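Notes follow once the structure below has been shown.
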Amino acid sequence: MKVGILCYSLSGNNERVASAVAERLGLELVKVFEPGVRRMLSTVLDIFFKRIPKVIPAPEVIGGYDLVVLFAPVWIGHIATPIRAYLDYIREKEVRYGLVTVSGGPNPKVKDELIRRTGREPEFFVELSIVDLLPAGVKPTITSVMRYQLSAEDVKALSEKVVAVISPRVAS
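Note that the UniProt record's numbering has the sequence shown beginning at 1, numbered continuously upward.
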(Lines of atoms letter the chains of each structure in order from A and count residues from 1; the text may use other names and numbers.)
(Lines give C-alpha, C1' and ligand atoms only; values in the text may rest on other atoms or scores of the structure.)
Protein backbone atom coordinates (compact mmCIF):
# COMPACT_ATOMS: atom_id res chain seq x y z
CA MET A 1 0.00 0.00 0.00
CA LYS A 2 1.33 3.44 -0.91
CA VAL A 3 0.98 5.88 1.99
CA GLY A 4 1.99 9.52 1.86
CA ILE A 5 2.09 12.38 4.32
CA LEU A 6 0.77 15.78 3.27
CA CYS A 7 1.63 18.60 5.65
CA TYR A 8 0.69 22.25 6.01
CA SER A 9 2.35 24.08 8.88
CA LEU A 10 2.38 27.82 9.48
CA SER A 11 4.34 27.77 12.76
CA GLY A 12 6.47 24.75 11.89
CA ASN A 13 5.07 22.58 14.69
CA ASN A 14 2.98 20.30 12.45
CA GLU A 15 5.87 20.03 10.00
CA ARG A 16 8.32 18.92 12.69
CA VAL A 17 6.03 16.12 13.84
CA ALA A 18 5.14 15.14 10.25
CA SER A 19 8.83 14.97 9.32
CA ALA A 20 9.61 12.76 12.32
CA VAL A 21 6.72 10.41 11.48
CA ALA A 22 7.70 10.27 7.79
CA GLU A 23 11.29 9.44 8.69
CA ARG A 24 10.32 6.82 11.25
CA LEU A 25 7.90 5.02 8.90
CA GLY A 26 9.80 5.61 5.65
CA LEU A 27 6.97 7.60 4.08
CA GLU A 28 7.10 10.35 1.50
CA LEU A 29 6.42 13.83 2.93
CA VAL A 30 4.75 16.44 0.71
CA LYS A 31 4.83 19.98 2.11
CA VAL A 32 1.98 22.33 1.26
CA PHE A 33 2.71 26.00 0.63
CA GLU A 34 0.70 29.08 -0.24
CA PRO A 35 2.02 31.35 -2.99
CA GLY A 36 1.61 34.47 -0.84
CA VAL A 37 2.14 35.48 2.76
CA ARG A 38 -0.43 34.20 5.27
CA ARG A 39 -1.82 37.01 7.44
CA MET A 40 -4.28 36.89 10.33
CA LEU A 41 -6.88 38.84 8.35
CA SER A 42 -6.74 36.40 5.43
CA THR A 43 -7.15 33.52 7.89
CA VAL A 44 -10.27 35.07 9.40
CA LEU A 45 -11.71 35.93 5.97
CA ASP A 46 -11.00 32.43 4.62
CA ILE A 47 -12.84 30.89 7.55
CA PHE A 48 -15.74 33.35 7.58
CA PHE A 49 -16.34 33.27 3.81
CA LYS A 50 -15.42 29.56 3.45
CA ARG A 51 -12.72 30.41 0.93
CA ILE A 52 -10.24 27.88 -0.37
CA PRO A 53 -6.81 29.47 -0.79
CA LYS A 54 -4.46 28.57 -3.64
CA VAL A 55 -1.93 25.94 -2.65
CA ILE A 56 1.23 24.36 -3.98
CA PRO A 57 1.35 21.51 -4.93
CA ALA A 58 -2.02 21.03 -6.58
CA PRO A 59 -4.41 18.62 -4.80
CA GLU A 60 -3.89 16.00 -7.52
CA VAL A 61 -0.53 15.23 -5.89
CA ILE A 62 -2.36 12.93 -3.46
CA GLY A 63 -4.00 10.93 -6.24
CA GLY A 64 -1.25 8.33 -6.30
CA TYR A 65 -1.64 7.29 -2.68
CA ASP A 66 -3.80 4.54 -1.21
CA LEU A 67 -3.84 6.43 2.10
CA VAL A 68 -3.01 10.08 2.80
CA VAL A 69 -1.96 11.22 6.26
CA LEU A 70 -2.81 14.91 6.55
CA PHE A 71 -1.00 17.09 9.08
CA ALA A 72 -2.47 20.54 9.67
CA PRO A 73 -3.13 23.01 12.45
CA VAL A 74 -6.54 24.16 13.58
CA TRP A 75 -7.36 27.85 13.27
CA ILE A 76 -10.23 29.39 15.20
CA GLY A 77 -11.77 25.94 15.65
CA HIS A 78 -11.44 24.98 11.95
CA ILE A 79 -8.96 22.92 9.97
CA ALA A 80 -6.35 25.25 8.45
CA THR A 81 -7.88 26.60 5.25
CA PRO A 82 -4.98 25.63 2.93
CA ILE A 83 -5.96 21.97 3.51
CA ARG A 84 -9.49 22.54 2.17
CA ALA A 85 -8.50 21.99 -1.47
CA TYR A 86 -7.09 18.57 -0.54
CA LEU A 87 -10.21 17.68 1.45
CA ASP A 88 -12.32 18.51 -1.61
CA TYR A 89 -10.10 16.25 -3.73
CA ILE A 90 -10.41 13.47 -1.14
CA ARG A 91 -14.19 13.78 -1.34
CA GLU A 92 -14.26 13.80 -5.14
CA LYS A 93 -11.81 10.92 -5.67
CA GLU A 94 -12.69 8.93 -2.52
CA VAL A 95 -9.11 8.83 -1.29
CA ARG A 96 -8.58 7.15 2.10
CA TYR A 97 -7.26 9.64 4.64
CA GLY A 98 -6.54 10.42 8.25
CA LEU A 99 -5.77 13.68 10.01
CA VAL A 100 -3.15 14.56 12.59
CA THR A 101 -3.28 18.03 14.08
CA VAL A 102 -0.91 19.81 16.41
CA SER A 103 -3.07 22.65 17.66
CA GLY A 104 -3.60 24.85 20.67
CA GLY A 105 -6.05 22.64 22.48
CA PRO A 106 -9.00 20.31 22.01
CA ASN A 107 -11.26 21.22 19.09
CA PRO A 108 -14.47 19.19 19.39
CA LYS A 109 -15.91 20.25 16.02
CA VAL A 110 -12.90 19.48 13.81
CA LYS A 111 -13.73 15.82 13.19
CA ASP A 112 -17.27 16.81 12.17
CA GLU A 113 -15.80 19.37 9.77
CA LEU A 114 -13.60 16.65 8.25
CA ILE A 115 -16.57 14.37 7.73
CA ARG A 116 -18.64 17.19 6.24
CA ARG A 117 -15.87 18.21 3.83
CA THR A 118 -14.85 14.70 2.73
CA GLY A 119 -18.19 12.93 2.94
CA ARG A 120 -16.91 10.19 5.24
CA GLU A 121 -15.09 9.31 8.44
CA PRO A 122 -11.31 9.53 8.48
CA GLU A 123 -9.35 6.29 8.92
CA PHE A 124 -7.94 7.94 12.05
CA PHE A 125 -7.99 11.30 13.79
CA VAL A 126 -5.14 12.32 16.09
CA GLU A 127 -5.40 15.56 18.02
CA LEU A 128 -2.23 16.73 19.77
CA SER A 129 -2.65 19.76 22.05
CA ILE A 130 -0.02 22.37 22.81
CA VAL A 131 -1.76 23.28 26.08
CA ASP A 132 -0.63 19.87 27.34
CA LEU A 133 2.99 20.79 26.62
CA LEU A 134 3.20 24.24 28.21
CA PRO A 135 5.66 24.46 31.08
CA ALA A 136 4.29 24.57 34.62
CA GLY A 137 3.34 28.10 35.52
CA VAL A 138 2.65 29.21 31.94
CA LYS A 139 -0.98 30.13 31.59
CA PRO A 140 -2.57 28.75 28.40
CA THR A 141 -3.49 31.93 26.56
CA ILE A 142 -3.89 32.53 22.84
CA THR A 143 -0.48 34.22 22.82
CA SER A 144 1.37 31.53 24.80
CA VAL A 145 -0.10 28.76 22.66
CA MET A 146 0.48 30.50 19.31
CA ARG A 147 4.11 31.26 20.18
CA TYR A 148 4.94 27.81 21.50
CA GLN A 149 7.57 25.97 19.49
CA LEU A 150 7.91 22.24 19.96
CA SER A 151 11.14 21.08 21.57
CA ALA A 152 13.02 18.02 20.34
CA GLU A 153 11.52 16.10 23.27
CA ASP A 154 8.01 17.27 22.32
CA VAL A 155 8.52 16.16 18.71
CA LYS A 156 9.76 12.74 19.83
CA ALA A 157 6.84 12.19 22.22
CA LEU A 158 4.17 13.43 19.80
CA SER A 159 5.57 11.54 16.80
CA GLU A 160 5.61 8.32 18.85
CA LYS A 161 1.90 8.81 19.61
CA VAL A 162 1.18 9.29 15.91
CA VAL A 163 3.29 6.31 14.83
CA ALA A 164 1.42 4.10 17.31
CA VAL A 165 -1.89 5.07 15.67
CA ILE A 166 -0.94 4.97 12.00
CA SER A 167 1.70 2.23 11.77
CA PRO A 168 -0.89 -0.60 11.75
CA ARG A 169 -2.57 1.07 8.77
CA VAL A 170 0.71 1.54 6.92
CA ALA A 171 1.53 -2.15 7.28
CA SER A 172 -1.85 -3.30 5.89
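No residue lacks a Cβ here, since even glycine has one placed at the ideal position from N, Cα and C. The model shown is predicted, which means the values in this text are computed figures rather than measured ones.
Closest to residue i by CA distance: which of the options is it?
| i | options | result |
| --- | --- | --- |
| P73 | K139, G137, I115 and L99 | L99 |
| L128 | E113, P59, K139 and V163 | V163 |
| K54 | R117, S19, Y8 and P135 | Y8 |
| E60 | I90, S144 and P140 | I90 |
| R169 | R117, P122, L114 and P106 | P122 |
| A58 | D154, G105, K31 and F71 | K31 |
| E34 | I56, G137 and D154 | I56 |
Beta-carbon separation of residue i and residue j under 8 angstroms?
| i | j | result |
| --- | --- | --- |
| V68 | V102 | no |
| K156 | V126 | no |
| V145 | V131 | yes |
| K2 | Y65 | yes |
| N13 | L150 | yes |
| L70 | R117 | no |
| E113 | I79 | yes |
Leaving aside the five residues before and after residue i along the sequence, list all residues of the same chain whose C-beta is less than 6 angstroms from its C-beta, in chain order.
| i | result |
| --- | --- |
| I52 | R84 and A85 |
| F48 | none |
Counting C-beta neighbours from all protein chains within 10 Å, is the total for residue i 16 or more, i.e. buried, or is it exposed?
| i | result |
| --- | --- |
| residue 187 | Residue 187 lies beyond the residue range present for the chain, which begins at 1 and ends at 172; the question has no answer from this structure. |
| R16 | buried |
| A18 | buried |
| P82 | buried |
| A152 | exposed |
| E159 | The identity of residue 159 in the sequence shown is Ser, whereas the question assumes Glu. Buried is the call here. |
Please return the same chain residues whose Cβ sits closer than 8 angstroms to the Cβ of residue i, not counting the five positions on each side in sequence.
| i | result |
| --- | --- |
| A22 | I5, E28 and L29 |
Along the chain, which unbroken stretches of the beta strand (DSSP E) at least 3 residues long are found entirely within the stretch 43–96?
-> The stretch 43–96 is shown to contain whole beta strand (DSSP E) runs of 3 or more residues at 67–71, in chain order.
What residue ranges within the stretch 3–34 form continuous alpha helix (DSSP H) runs of no fewer than 4 residues, ordered along the chain?
-> Counting only runs of 4 or more, we get 13–25.
Continuous alpha helix (DSSP H) assignments of at least 4 residues falling wholly in the stretch 90–135 | Taken in chain order, the whole alpha helix (DSSP H) runs of length 4 or more contained in the stretch 90–135 are 110–118.
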